[in-house]
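Okay, structure first, notes after.
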Ligand code: PHE
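Residue numbers (the numbering used here): 14 to 489.
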């Protein structure tokens with residue numbers, strides 16, 4: 014023990030006990046460690062103070078007394094103080110560390126959001142580049158829907174803003190909205206470009222040579238039958254006849270019975286009638302396509318009574334087809350009923366008509382006795398004409414052409430229409446309009462009227478402005 018003690022005295026000029034020396038070393042080590050730990054702490058000055066004071070106190074105590082118990086007490090007190098102090102530091106560091114970690118996480122998340130955004134901006138700028146390959150409006154619209162439409166990627170990003178924390182939203186919202194604006198603008202610009210390009214192409218392709226002569230407009234012509242009807246109507250109107258119409262599908266009563274043609278009458282067979290199934294009643298006899306315009310006499314008389322003066326032009330139908338017959342042709346019916354009409358009136362009316370219509374002063378008519386069930390007496394009327402070198406001339410020569418049937422209205426017809434046959438009488442006539450058109454305009458074949466050959470129509474047709482009237486002359 015004494016050897017040790019002597020040896021220690023050399024290294025221990027103050028003659029401190031080994032325990033105190035060990036304690037000092039230990040405490041210095043601890044202080045160094047504490048200093049090391051606390052070097053980054055804002056508490057460092059306070060900690061240093063504690064340590065320095067501790068060292069001083071330990072030194073003072075060990076100098077003043079070698080009482081190990083006192084030294085230990087002082088040491089323990091300082092150590093406790095130190096421990097408390099370093100505990101504060103640890104807590105502080107821990108709180109700070111947590112804050113830093115949170116901050117780092119926050120930064121991380123922002124960074125990752127920015128990364129995502131950067132990515133999407135990069136993608137979108139790729140789309141904007143892709144926009145350069147859009148060459149038509151349909152693809153452009155598809156592009157808009159893909160990005161800015163309800164389910165477009167930018168719209169979906171914008172929708173996520175709501176769920177972001179406010180700081181993050183503040184950063185990202187303007188970027189996204191800016192981006193949306195940019196794309197919108199790019200689209201409008203593209204739209205304008207496409208429009209201008211299309212216009213440019215159109216202007217390149219379509220151009221107008223204003224020095225070219227104008228293209229004449231094809232004008233339709235009025236069919237000779239229509240023109241003839243208009244002329245006949247003009248002439249008879251001037252004589253005080255009014256215009257009447259009737260249906261083309263007739264009942265057999267109007268077409269036959271009322272006209273004094275009973276079912277067993279041979280005239281029914283002569284008419285080559287087309288029958289039309291009646292849809293109202295299966296038991297009823299079928300309707301007919303009217304075989305002449307005479308049923309309009311019946312309809313007019315029963316409707317408006319007498320006295321009466323009407324003409325009724327229109328289509329009639331008979332099952333017949335050759336150069337002078339077609340299954341459909343045109344007639345004009347005339348009817349005049351009054352108290353003192355006689356055959357002279359009929360004759361004058363027809364002569365006056367023919368003179369005006371054929372535009373010849375001496376249109377001579379020949380009345381041949383004939384028979385119609387609905388007139389008594391009846392006549393067929395021919396007009397004097399000549400054929401010179403295939404050219405037909407009305408009013409001269411030694412040929413006669415049949416143009417109409419006529420007569421004094423049969424009392425049975427008047428009775429069928431409820432007209433008092435003892436008071437009233439009158440005349441009726443039925444003229445083939447196609448026939449008189451053929452004669453007037455030298456058209457040789459009736460069938461050509463209804464073939465609708467545009468060349469024929471252009472040749473024989475009339476200008477629409479050629480409306481027949483007596484004061485301007487019938488044909489211009
Ligand atoms: N309806 C007769 C026919 O078609 C023509 C005619 C009419 C005859 C009026 C006399 C009176 O042939």
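Just so it is clear, CB atoms sit at the ideal spot from N, CA and C, and this is done for glycine as well.
| query | result |
| --- | --- |
| Determine the contact status of residue 397 and residue 415, defining contact as a CB-CB distance below 8 Å. | no |
| Could you check whether residue 346 and residue 443 sit closer than 8 Å to each other, using their CB atoms as the reference points? | yes |
| Kindly examine the ligand PHE and report whether one of its heavy atoms sits closer than 7 Å to the Cβ of residue 388. | yes |
| Rounded to a whole number of angstroms, what is the C-alpha to C-alpha distance between residue 317 and residue 256? | 13 Å |
| Could you check whether the Cβ of residue 439 sits closer than 7 Å to any heavy atom belonging to the ligand PHE? | no |
| Roughly how many whole angstroms lie between the Cα atoms of residue 307 and residue 272? | 8 Å |
| Is DSSP giving residue 367 helix, strand or coil here? | helix |
| Verify whether the separation of the beta carbon atoms of residue 280 and residue 481 is less than 8 Å. | no |
| Counting only the same chain and skipping the five closest in sequence on each side, list residues whose C-beta sits under 8 Å from that of residue 152. | none |
| In or out: residue 334 buried (at least 16 other Cβ within 10 Å) or exposed? | exposed |
| Where residue 341 and residue 449 are concerned, what is the direct C-alpha to C-alpha distance, given to the nearest angstrom? | 16 Å |
| Which whole-angstrom value describes the C-beta separation of residue 234 and residue 474, a residue pair presumed to lie in contact below a C-beta threshold of 8 Å? | 2 Å |
| To the nearest whole angstrom, what separates the beta carbons of residue 300 and residue 264, a pair I think is in contact under 8 Å? | 6 Å |
| May I ask you to report which of helix, strand or coil DSSP gives residue 173? | helix |
| Decide if the segment 417 to 435 is in contact with the segment 315 to 332; the criterion is three or more beta carbon pairs, one per stretch, under 8 Å apart. | yes |
| Which of helix, strand or coil does DSSP assign to residue 18? | Low confidence applies to residue 18: its pLDDT is 43, below 50, so where it sits in the model is not reliable enough to give any reading. |
| Please state whether DSSP places residue 165 in a helix, a strand or coil. | coil |
| I'd like to know whether the C-beta atoms of residue 419 and residue 363 end up nearer to each other than 8 Å. | yes |
| I'd like to confirm something about residue 415: is its beta-carbon nearer than 7 Å to some heavy atom of the ligand PHE, or not? | no |
| In angstroms with no decimal places, state the Cα-to-Cα distance between residue 142 and residue 157. | 14 Å |
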